[in-house]
Amino acid sequence: MRLILSIFIAAVLLPASLFAKEPLEIRQYTLMELLWLEPSLKTWKESWRFKNEEGKTISQSDPFEEPHGNQKDENGKTPWEVKQDYIEAIQHPQKLKHYLMRHTQIRFPEGSWVSYDVEKNSLMMNNLPVHHQTLHTALMASGHIAVQVQITFRVVVMPSAEIDTLDRAHPAGIPDAKLVELWTAGKGKTIISQSVKTINGVNAIIECVDDISYPTEMDSSKQQASGETNPIVYGGVETRPIGAIFNVTPTVNPRQDIINLIILPEVADLKKIDANVPKHVEPISPTFTSLNLTTSSQIKNGSTHIIGRSTSRDPEQHVIIMVSASLVDTANVPTQQNQDTQPAPEKPFTSDAHP
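Convert by adding 6 to the 1-based position in the sequence shown; the result is the number in this note's numbering.
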């Protein structure tokens with residue numbers, strides 16, 4: 007009896023914050039197109055073709071935008087009629103909830119709500135953060151929110167002794183994690199760091215360079231009678247960028263957990279003037295040092311990979327090239343793709359596929 011009374015008193019005296027529910031959040035999602043999460047729509051829409059009297063397939067304007075048409079689904083409705091029925095249904099809060107629960111596994115706890123403005127193509131939801139993340143991932147995967155890729159390129163010089171120790175411990179190749187761990191622990195020095203954000207599938211180039219122009223041909227051999235050298239006669243002129251150039255093209259897989267990168271970084275520096283060139287033409291006879299890499303790599307969303315490393319001209323240093331990539335939306339919000347989430351199975355499209 008005393009034990010039960012003690013437990014009851016302790017429960018009464020516990021801070022109310024321990025029993026507080028996680029607060030709901032209101033977030034707005036501006037979509038690029040009409041909200042439609044059923045994967046069968048795109049396939050059905052793309053395969054929609056009209057045939058002429060001879061039975062040949064001909065192109066046709068978007069059947070979903072045409073109020074008239076002789077093609078109908080199994081329920082006797084044209085694509086345009088299906089779309090109008092859907093638009094009317096999806097603006098109903100309860101039907102919209104049911105639709106999202108069916109296609110994204112979102113749940114709506116007490117006090118939550120969702121609304122959709124067709125004219126503004128805007129979805130607003132009041133829900134727990136975990137359900138916002140689920141919705142956000144679903145909208146990005148279906149192309150309703152633009153997928154952007156943020157990519158960071160770094161060149162790091164490490165003490166050769168550190169790399170030599172790791173090299174001997176891993177004859178088959180130093181794992182990326184070991185090198186990244188060294189860098190995050192403060193080892194080495196980052197000499198170049200460039201970051202760029204681009205849309206999925208679009209090439210991006212970032213340059214931080216000085217242009218050095220120099221002649222490729224010259225003639226200073228003729229001497230005057232007095233012994234003075236004639237003015238130098240220049241031929242062609244070449245321009246070489248000095249600095250860092252990061253050229254990258256990302257593509258994202260359908261599940262949005264892997265980012266494919268085609269990378270062409272270049273680092274160049276003006277090392278010195280050629281000592282074998284006569285003194286009076288020194289300023290136009292440069293010697294360059296450069297670091298070039300052409301490669302492609304697959305990177306897990308949000309991770310960092312080592313895409314190359316090399317010994318340096320300085321025997322005390324080792325050059326490491328690393329790249330990081332992550333997905334963000336137009337509001338610069340990082341995405342978190344659930345690796346266990348499988349795409350919903352496709353099903354035949356019918357006009358009763360309402361929320």
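All C-beta atoms, glycine included, are put in the ideal place defined by N, C-alpha and C.
Between V258 and V163, the C-beta gap is not smaller than 8 Å, which leaves the two residues out of contact. Contact check between the segment 205-215 and the segment 241-259: three or more CB pairs, one atom from each, fall below 8 Å, which counts as touching. Secondary structure note for Q262: it is in no alpha helix (DSSP H), with a DSSP letter that is neither H nor E.
Every unbroken stretch of the alpha helix (DSSP H) spanning 4 or more residues and falling wholly within the segment 135-170 is given here in chain order: 135-147. Rounded to whole angstroms, the gap between the alpha carbons of P29 and L297 is 52 Å.
Taking M146 as the centre and dropping the five residues before and after it, the same chain places the C-beta of V153, Q262, D335, T341 closer than 7 Å to its C-beta, in chain order. Judged by beta-carbon spacing, I269 lies beyond the 8 Å limit of S316, meaning their Cβ atoms are not closer than that value. Bridge partners of H324 according to DSSP: M164, T317.
In the DSSP annotation of this structure, E87 is not part of any beta strand (DSSP E); the continuous alpha helix (DSSP H) holding it starts and ends at 85-96. As DSSP reads the structure, F294 sits in a beta bridge with L276. Residue state for D217 is assigned as strand, using DSSP reduced to three classes. A direct Cα-Cα distance of roughly 29 Å separates Y220 from R160. In the structure shown, the three-state DSSP call for T255 is strand. In this structure, the CA atom of K195 is about 48 Å from the CA atom of H109. Out of N338, S166, W86, the CA that lies nearest to the CA of D320 is found in S166. With contacts defined as CB atoms closer than 8 Å, E168 and L141 fail to qualify as a contacting pair. C-alpha of N132 to C-alpha of M38: approximately 21 Å in a straight line.
Residue environment: S148 is assigned as buried (16 or more neighbouring CB atoms within 10 Å of its CB, all protein chains considered).
With distances taken between CA atoms, T300 lies nearest to V273 out of L40, E87, V273, G207.
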